[in-house]
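K.L.:
Protein chains: 6
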Amino acid sequence: MTKDYHAISDAQDARATELFRAAPDIMRGHRNVTQAAQSPAALDVKTTEMMALAIAIVQRCEGCVVYHTKQSVTHGASREEICDTIAVAIEMGGGPATVYGADALAAFDAFSK
Amino acid sequence: MTKDYHAISDAQDARATELFRAAPDIMRGHRNVTQAAQSPAALDVKTTEMMALAIAIVQRCEGCVVYHTKQSVTHGASREEICDTIAVAIEMGGGPATVYGADALAAFDAFSK
Amino acid sequence: MTKDYHAISDAQDARATELFRAAPDIMRGHRNVTQAAQSPAALDVKTTEMMALAIAIVQRCEGCVVYHTKQSVTHGASREEICDTIAVAIEMGGGPATVYGADALAAFDAFSK
Amino acid sequence: MTKDYHAISDAQDARATELFRAAPDIMRGHRNVTQAAQSPAALDVKTTEMMALAIAIVQRCEGCVVYHTKQSVTHGASREEICDTIAVAIEMGGGPATVYGADALAAFDAFSK
Amino acid sequence: MTKDYHAISDAQDARATELFRAAPDIMRGHRNVTQAAQSPAALDVKTTEMMALAIAIVQRCEGCVVYHTKQSVTHGASREEICDTIAVAIEMGGGPATVYGADALAAFDAFSK
Amino acid sequence: MTKDYHAISDAQDARATELFRAAPDIMRGHRNVTQAAQSPAALDVKTTEMMALAIAIVQRCEGCVVYHTKQSVTHGASREEICDTIAVAIEMGGGPATVYGADALAAFDAFSK
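Protein chains in written order, with our numbering: chain V, 1 to 113; chain D, 114 to 226; chain E, 227 to 339; chain U, 340 to 452; chain G, 453 to 565; chain H, 566 to 678.
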């Protein structure tokens, strides 16, 4: 029962594409928000992506954990930085954050190969 | 990895039936709540079902998204109305609502065939 | 200890204005999202505002309850429609939704005077 | 800035009474749920009230923390039992549960005088 | 589509073990929290495990529901006590708690065989 | 109705001190977690404090927003960095994150004077 994070990510992308087609205005609005958040003025984008990952872990959103882990890898996050990120999520999210944090680490290992 | 929303729905119904058998008082109480919520005085039931769907998306509850999408279809919701519902969920729920909203749209397409 | 919903709303607006000044890009992005969600294609805006209120109640966000109750009043929601909205929130949110739902009703009474 | 838990509780009761008047069907449904949950078959009601309190702490719902602390006192919960309850909430809810757990303890001290 | 709760539990344990290896300090800290919560002073550990389960249901965390159901079985919880626990979760969590509560009951049946 | 963030912080500290006295084991466990999270291996502590703040905003926990804003100030966070942090919270948390994000900015201004 090892999860296939690549397949989870691909299926999710396909569904998001369909939602973009069906509801372009709201999805374009959300893209504006994402671009604003991921073009930080004082921090760097690797840091803001890991912040988004920390939040996703606490939100117990598997799809978001997969997405923001993949983005963190793209922006050069190291395994040690991901572990620091998971630690903050556990501080703020307790037991459930250990579950979704372990998912983030496994996804990191899958995406960084 | 396309999700089989019919199978998710059926498995969930089976588990709910077993819970009803094991804990009838609380489940009867919950049914009273559901019936009160889904017998609106001033709105129509299609609207209140879509409201429940909007909430389910924000709650990141896959089973609830499947259930209330199916109910919305039963009460005649159109694809465009589901998209409007998803948009409000994204306004209130941010990134995770795009993930579960995309699920709602895919479930709608499965149930409305 | 009756709450002063007008004062809560005003203080909140002042803080939001300051955030808009300090972080215009993200707030403009969020405004795009809000405008997309509150310009529905198939539903009407009174309905989508009440959907946002239903979500706010379940999210246990007092400031959001106040804001979206006020918006619902502006778009012509009746007291009976607000009660239908609260009912769906209770269906999906249980006990805490009775607490924040009662707040929504009290805020409605304050704003609709 | 010590909180007046009695006043919070009274104001909340007044708002709930008004909601009951305005929306009796949903509130009667919710009362059925509460009665089923608080008439356990195998546990005792003091335990189920403290369970509700543990959940309320994790939900970060101040009004619910106040309500279920008061109910726990009514059903004979000791200060030590409340602390055990808060501990489980911290296990599952992390940092925010220390904030709302500290509120539960202060409310307990107010209501058990 | 019946869920294999043993397989879910095993896969989760494997991921948690890897997280422990990669981030021992935070996981040791979390273990301290868990041990404190599950060594109650006035309640018994079966009760605090069921409290954790009640919270997990309301949090809509499948992995946590599986874990704390298994722990509740280990500490001698009966099917009737699990149903009482689910009832409190439904009181506090509404509709989504019926979904994750039904999961808890199915997991109980799997682990108590 | 401007909030007095210093007073909120002081009252909260007093309640936390009392919880520490009443339930030292769980609070010591939580302190271990916090120390592990706030002694990052690869990131710096200013970053992990802002991560905790981003999570707190999404969790809609006023007390946590106040606490982690204060900690961020202590570790040298600039107003621009706080705005970047709020932006990520809005990306992941939608409308409610604008409410609690505006609170974070106001608290920053209070604590950094």
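Glycine included, every Cβ here is placed at the ideal spot set by N, Cα and C.
Would you identify the three-state DSSP class for serine 574 of chain H, choosing helix, strand or coil?
P.N.:
helix
K.L.:
Just checking: is the beta-carbon of leucine 495 of chain G within a distance shorter than 9 Å of some beta-carbon in chain U?
P.N.:
yes
K.L.:
How many Å lie between alanine 654 of chain H and cysteine 287 of chain E at the Cα?
P.N.:
Cα-Cα distance, rounded: 15 Å.
K.L.:
Taking the alpha-carbon of lysine 339 of chain E as reference, which of E:Ile252, E:Val291 and E:Thr300 has the nearest alpha-carbon?
P.N.:
Closest by C-alpha distance to lysine 339 of chain E, out of E:Ile252, E:Val291 and E:Thr300, is E:Thr300.
K.L.:
Tell me the DSSP secondary structure of leucine 584 of chain H in three-state form.
P.N.:
Three-state DSSP puts leucine 584 of chain H in a helix.
K.L.:
By the criterion of Cβ-Cβ separation under 9 Å, what are the contact partners of glutamate 131 of chain D in chain G?
P.N.:
Ala554, Leu557, Ala558 and Asp561, listed in chain order.
K.L.:
Smallest Cα separation from glycine 553 of chain G: which of G:Val510, G:Thr486 and G:Pro492?
P.N.:
G:Val510
K.L.:
Please list, in chain order, the chain D residues whose beta carbon lies closer than 9 Å to that of alanine 391 of chain U.
P.N.:
Within 9 Å Cβ-Cβ: nothing; alanine 391 of chain U doesn't reach chain D, min ~13 Å.
K.L.:
Since valine 259 of chain E and isoleucine 26 of chain V are thought to touch, with beta carbons under 8 Å apart, how far apart are those beta carbons, to the nearest angstrom?
P.N.:
7 Å
K.L.:
Could you pull out every residue in the same chain whose Cβ sits closer than 7 Å to the Cβ of threonine 663 of chain H, ignoring the five residues on either side in sequence?
P.N.:
Cβ within range, chain order: Ile655.
K.L.:
How about phenylalanine 337 of chain E and lysine 296 of chain E: do their beta carbons lie closer than 9 Å?
P.N.:
yes
K.L.:
Would you say glutamate 430 of chain U faces chain V, with C-beta separation under 9 Å as the test?
P.N.:
yes
K.L.:
Could you tell me whether the Cβ of alanine 249 of chain E comes closer than 9 Å to any Cβ of chain H?
P.N.:
Put simply, the CB of alanine 249 of chain E is near chain H, with a gap under 9 Å to one of its CB atoms.
K.L.:
Name, please, each residue of chain V whose Cβ falls closer than 7 Å to the Cβ of valine 259 of chain E.
P.N.:
Ile26, Gly29, His30 and Val33
K.L.:
Does DSSP classify lysine 113 of chain V as helix, strand or coil?
P.N.:
In this structure, lysine 113 of chain V counts as coil in the three-state DSSP scheme.
K.L.:
Which class does cysteine 626 of chain H belong to by DSSP, given the choice of helix, strand or coil?
P.N.:
Coil at cysteine 626 of chain H, not helix or strand.
K.L.:
Would you please verify whether the beta carbon of glutamate 401 of chain U is less than 9 Å from any beta carbon of chain G?
P.N.:
no
K.L.:
Quick one: residues in its chain with C-beta nearer than 6 Å to the C-beta of cysteine 403 of chain U, no 5 flanking neighbours on either side, listed in chain order?
P.N.:
Ala395
K.L.:
Is lysine 272 of chain E helix, strand or coil by DSSP?
P.N.:
In this structure, lysine 272 of chain E counts as helix in the three-state DSSP scheme.
K.L.:
Using alpha carbons as the reference points, say which of H:Arg580, H:Thr567 and H:Thr612 lies closest to glutamate 244 of chain E.
P.N.:
H:Thr567
K.L.:
Please tell me whether methionine 116 of chain V and serine 72 of chain V are closer than 9 Å, where the distance is taken between their beta carbons.
P.N.:
Outside the shown range of chain V (1 to 113) lies residue 116 of chain V, about which nothing can therefore be said.
K.L.:
If I follow the unbroken alpha helix (DSSP H) through proline 137 of chain D, where does it start and stop?
P.N.:
137-150
K.L.:
What number of angstroms, rounded off, separates the C-alpha of alanine 380 of chain U from the C-alpha of glutamate 533 of chain G?
P.N.:
7 Å
K.L.:
Among residues of its own chain, excluding the 5 on either side of glutamine 613 of chain H, which ones have a beta-carbon nearer than 7 Å to its beta-carbon?
P.N.:
It should be pointed out that residue 613 of chain H corresponds to threonine in this sequence rather than to glutamine. Closer than 7 Å at Cβ, skipping near neighbours: Ala602, Gln603 and Pro605.
K.L.:
Hey, quick one: how far does the alpha helix (DSSP H) through threonine 228 of chain E stretch, first residue to last?
P.N.:
Neither: threonine 228 of chain E is in no alpha helix (DSSP H) and is coded neither H nor E.
K.L.:
Measure the C-alpha to C-alpha separation of phenylalanine 673 of chain H and alanine 529 of chain G and round it to an integer number of angstroms.
P.N.:
48 Å
K.L.:
Using the C-alpha atoms, what's the distance from alanine 463 of chain G back to alanine 504 of chain G?
P.N.:
Per the coordinates, the alpha-carbon of alanine 504 of chain G lies some 21 Å from the alpha-carbon of alanine 463 of chain G.
K.L.:
For the putative contact between isoleucine 651 of chain H and alanine 671 of chain H, defined by C-beta atoms under 8 Å, what is the C-beta separation to the nearest angstrom?
P.N.:
Not quite, the Cβ-Cβ distance comes to about 11 Å (not below 8 Å), so this is no contact.
K.L.:
Using the C-alpha atoms, what's the distance from aspartate 536 of chain G back to cysteine 422 of chain U?
P.N.:
22 Å
K.L.:
Please decide whether glutamine 184 of chain D counts as near chain G, where near means a Cβ-Cβ distance under 9 Å.
P.N.:
So, not an interface residue.
K.L.:
Whose C-alpha, out of H:Leu608, H:Val631, H:Ala588 and H:Arg580, is nearest the C-alpha of arginine 79 of chain V?
P.N.:
That would be H:Leu608, whose Cα lies nearest to the Cα of arginine 79 of chain V.
K.L.:
Between the C-alpha atoms of arginine 141 of chain D and arginine 354 of chain U, what's the straight-line distance to the nearest angstrom?
P.N.:
26 Å
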